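Going down the list, the sequences are from chains A and B.
For my numbering, add 2 to where a residue sits in the first sequence, where the first one is 1.
For my numbering, add 413 to where a residue sits in the second sequence, where the first one is 1.
The C-beta atom is built at its ideal place from N, Cα and C for all residues, glycine as well.
Computed from a predicted structure; not experimentally measured.
Here's the structure we're looking at; comments come further down.
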Amino acid sequence: MDNNWPLWEVFVRSKNGLEHRHFGSLHAADEEMALENARDVYTRRNEGVSIWVVKSSNITASNPENNGELFEPAQDKVYRHPTFYKLPDQVKHM
Amino acid sequence: MKSEHLYNYILGIADNSLILGQRLGELCGHGPSLETDIAGTNISLDLIGQTRSYYQYAAKISGENKTEDDIAFLRLERHYKNVLLVEQPNTHFGFVMGRQYLFDVFHLLLLKELQLSKDETLAAIAKKGIKEVSYHKRFSGDWVKRLGDGTPQSTAKMQEAIDDLWPYTQELFDMTDSDTAMALEGVGVDVSKLKKAYYKEVTDLFELATLEVPQSTYFSRGGKKGVHSEHMGYLLADLQYMQRTYPNMQW
Numbered sequence: 003m004d005n006n007w008p009l010w011e012v013f014v015r016s017k018n019g020l021e022h023r024h025f026g027s028l029h030a031a032d033e034e035m036a037l038e039n040a041r042d043v044y045t046r047r048n049e050g051v052s053i054w055v056v057k058s059s060n061i062t063a064s065n066p067e068n069n070g071e072l073f074e075p076a077q078d079k080v081y082r083h084p085t086f087y088k089l090p091d092q093v094k095h096m
Numbered sequence: 414m415k416s417e418h419l420y421n422y423i424l425g426i427a428d429n430s431l432i433l434g435q436r437l438g439e440l441c442g443h444g445p446s447l448e449t450d451i452a453g454t455n456i457s458l459d460l461i462g463q464t465r466s467y468y469q470y471a472a473k474i475s476g477e478n479k480t481e482d483d484i485a486f487l488r489l490e491r492h493y494k495n496v497l498l499v500e501q502p503n504t505h506f507g508f509v510m511g512r513q514y515l516f517d518v519f520h521l522l523l524l525k526e527l528q529l530s531k532d533e534t535l536a537a538i539a540k541k542g543i544k545e546v547s548y549h550k551r552f553s554g555d556w557v558k559r560l561g562d563g564t565p566q567s568t569a570k571m572q573e574a575i576d577d578l579w580p581y582t583q584e585l586f587d588m589t590d591s592d593t594a595m596a597l598e599g600v601g602v603d604v605s606k607l608k609k610a611y612y613k614e615v616t617d618l619f620e621l622a623t624l625e626v627p628q629s630t631y632f633s634r635g636g637k638k639g640v641h642s643e644h645m646g647y648l649l650a651d652l653q654y655m656q657r658t659y660p661n662m663q664w
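The structure is reproduced here in structure tokens:
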């Protein structure tokens with residue numbers, strides 16, 4: 003039976019003010035069942051205040067084969083991190 | 414004892430949750446999918462959690478040195494007051510969801526009234542349980558709809574399950590002596606008054622689920638008076654095994 007159910011990705015907001023984070027995936031026949039299953043599988047230990055589910059097939063993912071051209075050029079660009087500025091002592095809370 | 418009727422009244426409510434919780438617990442690890450397995454076990458734990466609150470209260474007013482465990486594990490079959498519906502054995506998933514739904518609708522109607530009880534402890538336990546039971550009903554009702562309005566095979570199995578379970582529904586609305594006494598005091602709920610709302614809600618959902626309302630005229634009853642079906646002894650053997658084999662054992 004599981005084999006016929008599509009896969010869903012589950013995102014849970016653990017408390018108000020925080021963002022939804024990817025918690026995992028599960029199988030369900032439709033949105034409604036996906037939400038109920040997500041509630042039972044991922045929030046039964048008080049982990050969340052809000053759930054999003056999205057069909058896994060609706061997610062467009064980058065191809066690991068392209069990791070070289072996508073991500074490696076960023077590895078030697080240390081100047082893109084804002085670590086070269088001297089902060090005056092008067093500036094607090096940065 | 415403060416009140417024999419109150420004690421019996423509490424057990425009458427709590428035993429339904431204990432026995433249905435035990436039935437669902439038997440399925441832990443055997444659900445048709447990981448997701449439904451966890452859902453069923455969650456519901457079981459909700460029910461057993463509610464049972465504990467009721468039994469702790471019952472133990473307190475019993476006046477004897479009883480604990481919640483004595484009440485759960487050390488009674489004889491005839492002393493359990495649950496309805497026949499909840500002790501019916503697990504067969505297929507549709508049957509389990511049908512049994513659950515037929516109980517959940519009643520359970521929620523009951524707790525909504527019980528939260529108005531003059532007995533503060535009972536009112537508090539009921540209030541806390543309402544959120545849990547609302548979810549149980551949503552879950553089981555969804556499945557009755559899905560399977561009823563699903564494939565020809567699932568429709569047939571769901572219909573068969575409902576037909577088999579239907580004769581156990583009327584007992585839910587029988588009043589025991591303790592029920593009547595407690596309702597008169599404003600502590601208990603007059604369950605006979607919930608009957609109309611119950612059958613209306615259930616038959617409305619059956620219509621959505623494209624299921625026929627069973628036309629049975631025969632109804633089984635007896636559980637509330639301790640006269641159980643042949644399945645109850647086996648269930649209790651499982652439930653009580655540890656305490657009977659190793660008396661006073663603690664986790």
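{"query": "Euclidean distance between Cα positions of B/L624 and A/L72", "result": "55 Å"}
{"query": "Three-state secondary structure (DSSP) of A/G26", "result": "strand"}
{"query": "Proximal residues to B/S567 (C-beta, below 6 Å), its chain only, five neighbours per side dropped", "result": "L560"}
{"query": "Distance cut-off 6 Å: A/G70 Cβ against heavy atoms of the ligand SAH", "result": "What this structure holds is no ligand at all, so the ligand SAH is not there to describe."}
{"query": "Bridge partner(s) assigned by DSSP for A/F13", "result": "A/H24 and A/W54"}
{"query": "Validate contact between the stretch 610–624 of chain B and the stretch 535–548 of chain B using beta carbons, cut 8 Å, 3 pairs", "result": "no"}
{"query": "Which listed residue (B/W579, B/K531 and B/A537) has its alpha carbon closest to that of B/G511", "result": "B/W579"}
{"query": "Run of the alpha helix (DSSP H) containing B/E526, from where it starts to where it stops", "result": "F506 to L527"}
{"query": "Anticipated Cβ contact below 8 Å, B/G636 with B/E500, distance rounded", "result": "7 Å"}
{"query": "Beta-carbon neighbours of B/N455, restricted to chain A and to distances below 7 Å", "result": "D42 and R46"}
{"query": "is_contact[B/E448, chain A] using C-beta, thresh 7 Å", "result": "yes"}
{"query": "A/L28: contacting residues in chain B (beta-carbon distance under 7 Å)", "result": "E448"}
{"query": "Closer than 8 Å at the beta carbon, the chain B residues around A/N68", "result": "In chain order: nothing, as chain B lies at least about 33 Å away."}
{"query": "Assigned secondary structure, B/D459 (DSSP; H/G/I helix, E/B strand, else coil)", "result": "helix"}
{"query": "Nearest candidate by alpha-carbon position, reference B/K525, set B/E490, B/D603 and B/S446", "result": "B/D603"}
{"query": "Terminal residues of the alpha helix (DSSP H) in which B/S591 lies", "result": "D590 to L597"}
{"query": "From B/L447, B/G601, B/H644 and B/T534, residue whose alpha carbon lies closest to that of B/N421", "result": "B/G601"}
{"query": "Residue range of the unbroken alpha helix (DSSP H) whose run includes B/M655", "result": "M645 to T658"}
{"query": "Exposed unless 16 or more other CB atoms sit within 10 angstroms - verdict on A/A76", "result": "exposed"}
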